Amino acid sequence: MEEVPHLVARARALQSLLTRDGDEIDQRRELTPAVVTALKEGGFFRMLQPRSIGGLELKPSEFARVTEALASADGSTAWVICQSNGCAMSAAYLDPRIAQQMFGPIDGILAWGPPGGPFEAEPVPGGYRISGTWRFASGCQNAIWLGAHMKVAGTQEIRTLLFPKSSARMTDIWHTLGLRGTASNEYTVEDLFVPAEQTMLRDQAIDRREQGPLYRFSSNQLYASGFAGVGLGIARGLIDAFLALPATKTSRGAGRPLRDNNVVQSQLAQAEAKWHSARAFLHTTLDEIYAHVVRHGEMTEQQGAMIRLASTWAINQSREAVTALFHCAGSAAVFEDQPFERRLRDIHTVNQQAQGRQLHYESVGQIMLGMLPENQF
């Protein structure tokens, strides 16, 4: 298997392309063809796929390092890669023959949105018949497959059903503050038949076909890990941009350059500390739990809660670092031709998503105190 440093280096090698195409990605509200091609050829859509079908099966902390490296140049690109890889974990829950057919080709990319609406899958001979509308399918621009998470009629079973994107009607809804390039649009299917072999009980052992330690992590835990990397990458990009400001830059009305301002010096140091400490917490947590899973086969509920805590903390601390240094940069930061305003918009959009919500702290605290969490992760 390819070592992760090579993939991180490959992500860093893409940064010049992502920086070059960043404005166009924002304006198009989807990734540019050049970026999509580079991501496919670089294997970035295969990071969480099983090795048995040509995937990389990366450790969670390694996955987060790659999303971070991409996000330091462009948040939307990293978000799409994280979401697409979380969806591609489906390959571990499908018959290997079906998984190879769907994900083997270089363009075998899957997108889906979260569960939504009162839709139910109707069991029929050979599969299921479905109708419904789902939103927020990040990366659907690049996908040839879509998915839906639905309750099976007459049961409490929640099944994930995969079908060709050509079977759906797409609706452009993604007009947003930040992460504009993720093309997180809406899709609708009507009276669509989905063969049973293209469905699964996601994250459940009964349908798990791959036995590697990666697949003892739930897709939500890997989303959390990867999106934490996205937040950290956006923050790293802005911190580095701030450090690159000219030494002579002076705010209006100030008697000395920005770099000589004691408040700015303090804010910069604190932003750097927040970034490093949050990143270390995330990677240490993921690596310790991965090692536990290798030894014992499964993680504990407390360990699952720590993944949620470390990932939420990384996103929130990244937002704080970005916001502080954006203000320190002064009026120059608001211009579109400067490397600040898009990162501010992107990190606040990351934080508004489910992965960064404050409610997670309550749930983790409840688990730490031996209580049942009131809300799901």
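Just so you know, we're using the numbering used here here: the sequence shown kicks off at 29 and counts up by one.
Don't be surprised by glycine CBs; every beta carbon is placed ideally from N, CA and C.
No experiment lies behind these values; they were computed from the predicted model shown.
Classify residue i as helix, strand or coil using the three-state DSSP reduction.
i    : result
L122 : coil
M334 : helix
K302 : helix
A165 : strand
G175 : strand
D102 : coil
T60  : coil
T183 : coil
A256 : helix
G154 : coil
D51  : helix
R373 : helix
Give the straight-line distance between the Cα atoms of residue i and residue j, rounded to the nearest whole angstrom.
i    : j    : result
T65  : N289 : 44 Å
E402 : S391 : 7 Å
E30  : L242 : Any reading at E30 must be qualified, since the residue scores a pLDDT of 48, below 50, and its modelled position is unreliable; no value is offered.
A39  : V152 : 45 Å
E90  : Q345 : 20 Å
Q295 : T340 : 22 Å
M117 : G132 : 13 Å
L400 : Q330 : 11 Å
R264 : Q184 : 43 Å
A352 : Y389 : 22 Å
I53  : R370 : 11 Å
Less than 8 Å between the CB atoms is what I'm expecting for residue i and residue j, so what's the real figure, rounded?
i    : j    : result
V108 : G167 : 4 Å
L42  : G71  : No, L42 and G71 are not in contact; Cβ-Cβ is about 12 Å, not under 8 Å.
V321 : R244 : 5 Å
A269 : F368 : 6 Å
I343 : V292 : Actually they are not in contact, since the Cβ atoms of I343 and V292 sit about 24 Å apart, beyond 8 Å.
If you count every other CB in all the chains shown that lies within 10 Å of the CB of residue i, and 16 or more means buried, which is it?
i    : result
E96  : buried
R347 : buried
E85  : buried
Q249 : buried
R284 : exposed
T276 : exposed
Sorted by chain position, which residues of the same chain lie with C-beta nearer than 7 Å to residue i's C-beta, five sequence neighbours on each side aside?
i    : result
S212 : F164, A165, S166, W202
A360 : Q366
L189 : A149, Y156, I158, G175, A176, M178, V222, Q226, T227
I395 : E329, Q330, A333, P401
Ignore the nearest five residues each way along the sequence and tell me which others in residue i's own chain have a CB closer than 6 Å to its CB.
i    : result
V180 : A149, R187
T278 : P285
T161 : T216
Leaving aside the five residues before and after residue i along the sequence, list all residues of the same chain whose C-beta is less than 8 Å from its C-beta, in chain order.
i    : result
E326 : R244
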